[in-house]
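Sequence order for the protein chains is A and B. Quick note: the first sequence, position 195, residue 195 per the numbering used here, numbers continuous. The numbering used here runs 1000 ahead of the 1-based position in the second sequence. Backbone N, C-alpha and C define an ideal beta-carbon position, used for all residues, glycine too.
There are 2 protein chains.
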Amino acid sequence: MPETIRTIDAFNRRMMISRMRGRTIGLVPTMGALHAGHAALMERARAETQFVVTTLFVNPTQFNEARDLDAYPRTFEADLEACERAGVDVLFAPEAAEMYPREPLTTVEVSGLDEGLCGARRPGHFRGVATVVAKLFLITQPDYAYFGEKDFQQLAIVRRMVADLSFPIEVVGVETVREPDGLALSSRNRLLTPEQRRAAPAIFAGLQEAASLAKSGERSASALRRAALARIEAEAELEVEYVDVVDRETLRPLEQVDAEARIAAAVRAGSVRLIDNAALVPG
Amino acid sequence: MPETIRTIDAFNRRMMISRMRGRTIGLVPTMGALHAGHAALMERARAETQFVVTTLFVNPTQFNEARDLDAYPRTFEADLEACERAGVDVLFAPEAAEMYPREPLTTVEVSGLDEGLCGARRPGHFRGVATVVAKLFLITQPDYAYFGEKDFQQLAIVRRMVADLSFPIEVVGVETVREPDGLALSSRNRLLTPEQRRAAPAIFAGLQEAASLAKSGERSASALRRAALARIEAEAELEVEYVDVVDRETLRPLEQVDAEARIAAAVRAGSVRLIDNAALVPG
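See the structure below:
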């Protein structure tokens, strides 16, 4: 089993040896409830770096709804086993009181990138994400940090933060892992009812329809959006929050897809919020 | 002469060797126009660490008035000599285009601490300070960072940012260096006319009167403020922006001085803005 460490001090002591040996450190920040998507990140880190740290912290400052925080799955023993299988060296799993011993006054914000898509619907969410990722970067001091492409806006924000503040870290985006029916793996999937679970693959199916249309020459963002929406909204269990066609880096909404772009969606199935995205490569 | 380095890449290459040797690194961040106050910081770093880095960067994002930025003194050759005398190993002096190759979207903010005192009069100033200090910390990765107590609010904000985000850095506050007549050394002092220069020591004299009153039993913050104000406002060349009695850590205004507190002032002499502060130790 990987060593589980609960405090920043103990983590620093543990890492001092590995750092002094000049080992490259790979970080996989998670909120636990690990699934095959996280496993892909940890395996990639294992393959590319000499010392793999997974963090498990359900960060309260990035939840804008208390019920979402309360409902977030906690599966520590299974998470530890997933880390073991992936060859993780250290699991850093602090409590909230360790990360925030007093009310934090410091926030990190990436303006512009946090305004659209999920940022518009979850006020303060990406400020919480950027701040806790900065703190986890400073605690773990990795050479490489691995994030899933499923959280596309988060990945863009972390990349920009790293560039703007000159974190000496390479951010690696890893392709989304999917169920055989296309549903993106998510810790929230286990909260779905059987009916919602049956409907949920329509999200990625809709995004793929848009991607196919783009490949066969459709350039109009609104036509691509409509195609995705039609597919998703055909499922009565699903309620669309947004489907947007955006620039890959700036995340600004596009009217025309003239170069590779991204289509991103957030959809509610009951109280469960699911997100996904896909590349749009104009044909 | 210390080695002058202009780019982040070159700096990283230079530091790799020292870091691998496990040397402790001391950082003195400056905006140049170095004086004996900076020398005290650099000498302290020299005494306490094995590799001393001074940064020289007139950070545009912390100036809220373009004329203040333009007027800020630039004295590179003299600065280099001051670094040499203090035994600095590397002077990192990037251009703005190196620090901000594109418009930075990421900001670091320490809310609460940035609202009163200078923060109330210089909107965005401390966001610019916290952000550039975070970036300089990430580039230089020091073990110790030295800041003058003259910029008391800045010191409190940097301390809090370091604690909140878990920067692995010890922040060292160094006592303000003064002219024989008490005026706190500042790069801006050289912008004073002879008349303004003659009047300027009244700032510290006023703060000291308040400190003496506190020592002899006066607990009322407004009485202490009034004493300082009377002394400063007796000088026709000086226009008070604020004189405030605040908690040392939270920087919140106090009504009563029951434990060690701080009295801080900002005063204008013509277009030159001078700040200073002093401890209030209740007798």
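According to the neighbour-count rule (16 or more other Cβ atoms, all chains shown, within 10 Å of its Cβ), is B/N1064 buried or exposed?
So B/N1064 counts as exposed.
Looking at A/F92 and A/F137, is the spacing between their C-beta atoms short of 9 Å?
no
Could you say which of B/E1048, B/H1035 and B/F1011 lies nearest to B/C1083 if we only look at CA atoms?
Of the listed residues, the one whose Cα sits closest to B/C1083 is B/H1035.
Roughly how many angstroms separate the alpha carbons of B/R1268 and B/E1239, rounded to a whole number?
Distance between the alpha carbons of B/R1268 and B/E1239: 5 Å.
Straight-line CA distance for A/Q154 to A/F126?
7 Å
Got a sec: is the Cβ-Cβ distance from A/V240 to anything in chain B below 9 Å?
no
In three-state terms, what does DSSP make of B/G1217?
coil
Nearest CA to the CA of B/R1160: which residue from B/E1103, B/V1129, B/S1212 and B/E1077?
B/V1129
Contact defined as beta carbons within less than 8 Å: I believe B/I960 pairs with B/V1243. What is the distance between those atoms, to the nearest angstrom?
Look at the range of chain B in this structure, 1001 to 1283, and you will see that residue 960 of chain B is not part of it.
In whole angstroms, what is the alpha-carbon distance linking B/G1112 and A/V28?
32 Å
A/L165 versus B/V1108 - alpha carbon distance:
Their Cα atoms are separated by approximately 9 Å.
Who are the near neighbours of A/Y72 in its chain, counting only those whose CB is closer than 6 Å to its CB and skipping five residues on each side?
V58
A/L165 CB to nearest chain C CB: under 9 Å?
The chain labelled as chain C is not found among the protein chains of the depicted structure, namely A and B.
If we cut at 9 Å on Cβ distances, does A/A134 have a partner in chain B?
Cβ-Cβ to chain B under 9 Å: yes for A/A134.
With the cut-off set at 9 Å, would you say A/F51 and A/D79 are in Cβ contact?
no
Buried or exposed (CB count within 10 angstroms, at least 16 for buried), B/I1169:
buried
Can you have a look at A/T30 and say buried or exposed, based on whether 16 or more other CB atoms are within 10 angstroms of its CB?
So A/T30 counts as buried.
Mind reading off the beta-carbon distance from B/R1014 to B/I1008? Whole number of angstroms is fine, and I expect it under 8 Å.
That pair is no contact at about 11 Å.
For B/R1252, tell me which candidate among B/G1283, B/E1175 and B/C1118 has the shortest Cα-Cα distance.
Taking the Cα of B/R1252 as reference, the smallest distance to any Cα among B/G1283, B/E1175 and B/C1118 is reached at B/C1118.
Quick check on this structure: which residue in A/G37, A/A236 and A/A214 has the alpha carbon closest to the alpha carbon of A/Y286?
With chain A covering only 1 through 283, there is no way to say anything about residue 286 of chain A.
When we look at the beta-carbon of B/P1194 and count the other beta-carbons within 10 Å, is it buried (16 or more) or exposed?
exposed
Just the chain A side, please: which residues come within less than 8 Å of B/R1160 by C-beta, in chain order?
Correct list: L105 and T106.
Quick one: list the residues of chain A neighbouring B/E1139, beta-carbon separation under 7 Å, in chain order.
Just to set this straight, residue 1139 of chain B is Ile in the shown sequence, not Glu. Ordered by position in chain A, the residues that pass the 7 Å Cβ test against B/I1139 are S166.
Does B/N1167 come out as helix, strand or coil in the three-state DSSP assignment?
A quick correction: the sequence has Phe, not Asn, at residue 1167 of chain B. It is coil, neither helix nor strand.
What are the boundary residues of the beta strand (DSSP E) that A/T55 is part of?
F51 to L56
Bounding residues of the beta strand (DSSP E) (the contiguous stretch that carries B/T1140)
No beta strand (DSSP E) contains B/T1140, which is instead part of the alpha helix (DSSP H) from H1125 to T1140.
Note down, in chain order, every chain A residue with its Cβ under 8 Å from the Cβ of B/I1008.
S166
Which residue wins for smallest C-alpha separation from A/A86, given the options A/G217, A/A221, A/E43 and A/A210?
A/E43
Could you check if B/S1186 is buried or exposed, using at least 16 other CB atoms within 10 Å of its CB as the buried criterion?
buried
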